[in-house]
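Okay, so the sequence shown: first residue is 71 according to the numbering used here, each after it adds one.
The C-beta atom is built at its ideal place from N, Cα and C for all residues, glycine as well.
Worksheet for the structure shown next.
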Amino acid sequence: MSTLKNFFNREINGTGLYLIAFSFCLVISFIFTTTFTDYFHTRPLQLLSYLGIGLVLVKIYLLDNYNYKQLSGISILLFFSFISWRHSQSNTQSNLILYMMVFILGAKDVEFKKIVEVFYKISLIMMLGVILYSLLGIITNLAYFTPGRPIRYALGMLYPTDMASHILFLILAKCYLVFPNIKWYHYSIFLLLALFMKVVADARLSAYTTVLLVIIMFIAERAQKGNKLCKILASFYWTATPLLAFIATVTALSFDMNNHIMRKVNDLLSGRLLLSYQAFQRYGISLFGEPVIEHGSGGIKGMKMFFNQSRYFYIDSSFIRLFIIYGILMFLIFLAFMMIIAIRSTYHHSYILPAIMFVVAISCLLEQHLLDLSFNPFLLSLLATNTYKWREKNEKSDRNSILQ
Numbered sequence: 071m072s073t074l075k076n077f078f079n080r081e082i083n084g085t086g087l088y089l090i091a092f093s094f095c096l097v098i099s100f101i102f103t104t105t106f107t108d109y110f111h112t113r114p115l116q117l118l119s120y121l122g123i124g125l126v127l128v129k130i131y132l133l134d135n136y137n138y139k140q141l142s143g144i145s146i147l148l149f150f151s152f153i154s155w156r157h158s159q160s161n162t163q164s165n166l167i168l169y170m171m172v173f174i175l176g177a178k179d180v181e182f183k184k185i186v187e188v189f190y191k192i193s194l195i196m197m198l199g200v201i202l203y204s205l206l207g208i209i210t211n212l213a214y215f216t217p218g219r220p221i222r223y224a225l226g227m228l229y230p231t232d233m234a235s236h237i238l239f240l241i242l243a244k245c246y247l248v249f250p251n252i253k254w255y256h257y258s259i260f261l262l263l264a265l266f267m268k269v270v271a272d273a274r275l276s277a278y279t280t281v282l283l284v285i286i287m288f289i290a291e292r293a294q295k296g297n298k299l300c301k302i303l304a305s306f307y308w309t310a311t312p313l314l315a316f317i318a319t320v321t322a323l324s325f326d327m328n329n330h331i332m333r334k335v336n337d338l339l340s341g342r343l344l345l346s347y348q349a350f351q352r353y354g355i356s357l358f359g360e361p362v363i364e365h366g367s368g369g370i371k372g373m374k375m376f377f378n379q380s381r382y383f384y385i386d387s388s389f390i391r392l393f394i395i396y397g398i399l400m401f402l403i404f405l406a407f408m409m410i411i412a413i414r415s416t417y418h419h420s421y422i423l424p425a426i427m428f429v430v431a432i433s434c435l436l437e438q439h440l441l442d443l444s445f446n447p448f449l450l451s452l453l454a455t456n457t458y459k460w461r462e463k464n465e466k467s468d469r470n471s472i473l474q
């Protein structure tokens, strides 16, 4: 076993192997969010993506220097995610839990900035390509019309909110890469993109979340540069995850159509609160999840469902999806991951990841993209390295200035 590990260590670099696997799965995952999937069978592509999973497992078990206890803990987490995946297999997105868990645990000793750079470059190129292809008519540009709302365009994505969410997470990636030097023109571009989301896709959540992102990042940046008030505010960013998860769960469990306030909130959220309530009523609470049958409006097939709302059923909230589809165990594990990332960063006086987790938690309240690699690479920071690089640089510059 040790001879085999030494061979792999000489011939293969763990970081390179991980980034190749990540790039491979990112491209495939991104394609699954576009109308390209209406032109070919997706099953072969899905099977091909398991190659990326295999490469990361090779890194974990043959290249990473884990001791026996650590490897046992990792194996248990992988086993739990595998069981959850098997329990929820009738759901078309059930493999996301396995993908995300493998890539989180495989990120050990991989510089997180490199992961985000790969995510940003590939996602940006694919995003622009998909939009261009849809405008040229090469792939379908779905348009949705709802009485009382403007026409919403998906621009090559399966649904308008998917397009807006891709932009939101690209903005988060850009913030990570340039932090703590986010310039005024970055913020201006972010606000223009929020306007674009609202006008083109009428994606209210992503648009308003982007506006909040500007405020959240501004405070985080000032906190990073030593502003005492901003440091106090940013030190509470980690609370967003448990608080919003609690709100999503409690409101779904206690929803009552006879309650005037809840009915108004449900209308404001386009019926999402009622759907979360129905999910709990139909499937209940389980340890490892349930096979949930969903009928969404995304894609050409889903477009037919858009005109037959009586059969529509889709769980939008990432928190509720974790709870119902993947089970209470995975719900608690992934909440713990998000909180650990944010709390650990706050402890090290680094505020970009807590700010990102804050924004991700807001998105998770009503959107389903927490476990999707094509949207969210930030959970991979749990075991990745150099997540506090700017803090280290600032400390070095402070020491140098003292010596000078």
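For the options Gly354, Ile403 and Tyr246, the alpha carbon positioned closest to that of glutamate 187 is the one of Tyr246. Pairing tyrosine 421 with isoleucine 413, the inter-Cα distance amounts to about 10 Å. A distance below 7 Å between beta-carbons, with the five flanking residues on each side excluded, links threonine 321 to the following residues of its chain, in chain order: Leu343. Lysine 178 counts as buried, since no fewer than 16 other beta carbons sit within 10 angstroms of its beta carbon. In the DSSP assignment, threonine 103 falls outside any alpha helix (DSSP H), carrying neither H nor E. Rounded to whole angstroms, isoleucine 259 and arginine 292 show a C-alpha spacing of 20 Å. Residue range 330-338 is occupied by the alpha helix (DSSP H) that includes asparagine 336. In this model, isoleucine 123 and phenylalanine 448 are separated by some 18 Å (Cα to Cα).
Here isoleucine 209 really is in contact with threonine 104; their C-beta atoms are around 7 Å apart, less than 8 Å. Scanning the segment 98-149 for uninterrupted alpha helix (DSSP H) segments of 4 residues or longer gives 113-128, listed from N- to C-terminal end. In the same chain as alanine 310, and ignoring 5 residues on each side of it, the C-beta atoms closer than 6 Å to its own belong to Phe428 and Ala431, in chain order. A residue is called buried once 16 or more other Cβ atoms fall within 10 Å of its Cβ, and leucine 117, having fewer, is exposed. Of the residues assessed, proline 114 falls on the exposed side of the cut-off, its CB having fewer than 16 other CB atoms within 10 angstroms. The DSSP assignment places 369-376, 388-391 and 397-417 as complete runs of the alpha helix (DSSP H) inside the segment 359-432, in order along the chain (cut-off: 4 residues). According to the DSSP assignment, lysine 301 belongs to the alpha helix (DSSP H) that extends over 298-304. The segment 383-391 makes contact with the segment 346-354: 3 or more CB pairs, one atom from each, lie closer than 8 Å.
Taking a 10 Å sphere around the C-beta of tyrosine 138, we find fewer than 16 other C-beta atoms and assign the residue as exposed.
For alanine 349, the enclosing alpha helix (DSSP H) covers residues 342-353. Three or more beta-carbon pairs separated by less than 8 Å link the segment 386-401 to the segment 353-361, which places the two stretches in contact. Residues of the same chain with a CB within less than 6 Å of the CB of valine 97, apart from the 5 flanking positions on each side, do not exist. Per DSSP, the continuous alpha helix (DSSP H) segment holding valine 281 begins and ends at 274-294. Contact annotation: valine 128 and leucine 168 have beta-carbon atoms that are not nearer than 8 Å. Going by beta carbons, methionine 267 and alanine 425 fall outside the 8 Å limit.
By the Cβ test, the segment 248-257 is not in contact with the segment 267-277, since fewer than three Cβ pairs between them sit closer than 8 Å. The beta carbon of glycine 143 sits closer than 6 Å to no other beta carbon from its chain once the five residues preceding and following it are set aside. In the same chain as leucine 323, and ignoring 5 residues on each side of it, the C-beta atoms closer than 8 Å to its own belong to Tyr347 and Phe350, in chain order. Taking 8 Å as the cut-off, the beta carbon of serine 444 is found closer than this to the beta carbon of serine 99. The three-state reading of DSSP puts methionine 227 in strand, counting E and B together. DSSP links threonine 455 through a beta bridge to Glu181.
Annotation for phenylalanine 249: no alpha helix (DSSP H) segment contains it, and DSSP assigns it neither H nor E.
By the CB criterion at 8 Å, methionine 170 and leucine 148 fall outside the cutoff. Boundaries of the alpha helix (DSSP H) harbouring alanine 310: 310-323, taken from the DSSP string.
Between tyrosine 257 and valine 284, the CB-CB gap stays under 8 Å.
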